[in-house]
Amino acid sequence: MAETQAREGDIVIVGGYGHVGLNLARQLAPVYPGRVVLAGRSQTRADRAAAEIGYGSRGLWLDSAAGLAPSGAGTVIMCLDQFDPSFASDCLSSGMGYLEISADGRILDMVEALDPTAKRKGGAGLLDVGFAPGLSNLMARLLVESVEEVRQLDILVLLGVGDDHGTAALEWTLDKFDSEFIAYEDGLPQWFRAQRETRTVEVPGHRWPLMGVRFDFPEQRSLFRTLGVPTVSSWMVTMPPSVARSMRIAALAGGGELTRRPRSRKALLAMLERGSSGTDECGVMVQAADRDGRVSELAVIANDQSRLTGIATALFAAELIEGRVPAGVHHSDQVIDPRRLLGRLAAENPEIRILSTGANTITL
């Protein structure tokens, strides 16, 4: 695929002083000194965060709801869930790079619909970046390229309750707690409800199998289209297993209603934000079954999901900044070399383990 020129100008992180934005800025600022701008509706918080990050980072007052692209930007990274596509449209119409980190399928669909505008105006949009979606997309593509005639993909997202996930991630989990969603089986769309279906998961380093519950991660729908695999499913594996069982019991007992009532939702969010004792282990596992049912697996295992997400998202952002994403709006697995990015991920931190097991051994 033809590469464009590297994108000059500021790297504007919208929501840059939030949990995700700060982790991302910590990764990007040393690589692109003097170019990282932390933007949001509080100039004071933006300036304070920029001073903490250093490397010539700057704060910027910006209300993305106004729908106007920031002047001087070459790349914009959206760390807020925004359901109005006007801001993304203006960035892409201005020829900017636009990285959408949301895991909300509705937002991803709205930005993907801007593909004709981006192609016409020279903007480049990148979707499915970070942890899951993101690493999961590239792992799925690598398996499909390495295994003959993949008929089924299972994406397993490992989350430890002892980790600091950030408010936005916790809000997303509450939104999806018992949501209804579509996934594809044998090429046909089927309706599912989160946490109603379970499966056992053999996780590297764990003596006993863990429980995975079917969950509404958005890449299970996009990968059906981009990779052409007829059956794609996503599963959440919460550690320790006692918490996973409690969450599922709550969902089956109608606890999802509490996540939709403002007062009880606020109380649940406050409880989750206080954290819990337990592991901060995290990871993504992708299993690919061929036409004979033989399974090959790739796994990325680490600790501290926030840090892993920051490292991964910075690597996706670098693909955009360095001109390796052409005009248009693309899912990451459509335009990024999985071996290159996963190899760079492993090189970033020796504690990040990338493992291959099963019928086919996958090398980076």
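Under this note's numbering, think of the first position of the sequence shown as 8, with each following residue one higher.
Every residue, glycine too, gets a C-beta built ideally from N, C-alpha and C.
None of these values were measured; they are calculated from a predicted model.
Query, Result
"Can you list, in chain order, the residues of its chain with a C-beta nearer than 7 Å to that of residue 112? Leave out the 5 residues immediately preceding and following it.", "225, 228"
"Using 8 Å as the threshold, is the C-beta distance between residue 124 and residue 103 below it?", "no"
"Alpha carbon to alpha carbon, what distance is there between residue 243 and residue 332?", "30 Å"
"Return the CA-CA distance between residue 252 and residue 41, expressed in angstroms with no decimal places.", "47 Å"
"Between the Cα of residue 145 and the Cα atoms of 160, 311, 93, which residue gives the shortest distance?", "160"
"Residues in its own chain within less than 6 Å of residue 241 by CB, not counting five upstream and five downstream?", "162, 222, 224, 227"
"If you drop the 5 nearest sequence neighbours on each side, which residues of the same chain put their C-beta closer than 6 Å to that of residue 236?", "157, 160"
"Just to check my reading of the structure: residue 54 and residue 75 have Cβ atoms closer than 8 Å, yes? What is that Cβ distance to the nearest angstrom?", "About 21 Å separates the two Cβ atoms, so there is no contact after all."
"Given the structure, does residue 113 come close to the ligand MG, in the sense that its CB is under 7 Å from one of the ligand's heavy atoms?", "This structure lacks the ligand MG; in fact it carries no ligand of any kind."
"State the Cα-Cα distance for the pair residue 8 and residue 330, rounded to the nearest angstrom.", "Unreliable positioning characterises residue 8 in this predicted model, as indicated by a pLDDT of 43, which lies under 50. A coordinate reading is not provided."
"Locate the beta strand (DSSP E) running through residue 237, then write down its first and last residues.", "Segment: none, residue 237 is in no beta strand (DSSP E) and carries neither H nor E."
"Taking the continuous alpha helix (DSSP H) assigned at residue 312, which residues delimit it?", "312-328"
"Taking the alpha carbon of residue 307 as the reference point, which residue from 164, 182, 205 has its own alpha carbon closest?", "164"
"When the Cα atoms are used, what is the spatial distance from residue 351 to residue 114?", "28 Å"
"Check residue 162 in the structure and name its three-state DSSP category.", "strand"
"With a CB to CB cut of under 7 Å and the five nearest residues on each side skipped, what residues in its chain are close to residue 367?", "153, 154, 303"
"Kindly list the residues whose CB is nearer than 7 Å to the CB of residue 140, restricted to its own chain and excluding five residues on each side of it in sequence; keep chain order.", "110, 224, 225, 226"
"With DSSP collapsed to three states, give me the class of residue 9.", "At residue 9, the pLDDT of 46 sits below 50, so the modelled position is not reliable and the matter cannot be decided from this model."
"Only counting the same chain, and skipping five residues up and downstream in sequence, which positions put a Cβ closer than 7 Å to that of residue 219?", "163, 205, 206, 208, 242, 243, 244"
"With a 10 Å radius around its C-beta and 16 neighbouring C-beta atoms as the bar for buried, classify residue 189 as buried or exposed.", "exposed"
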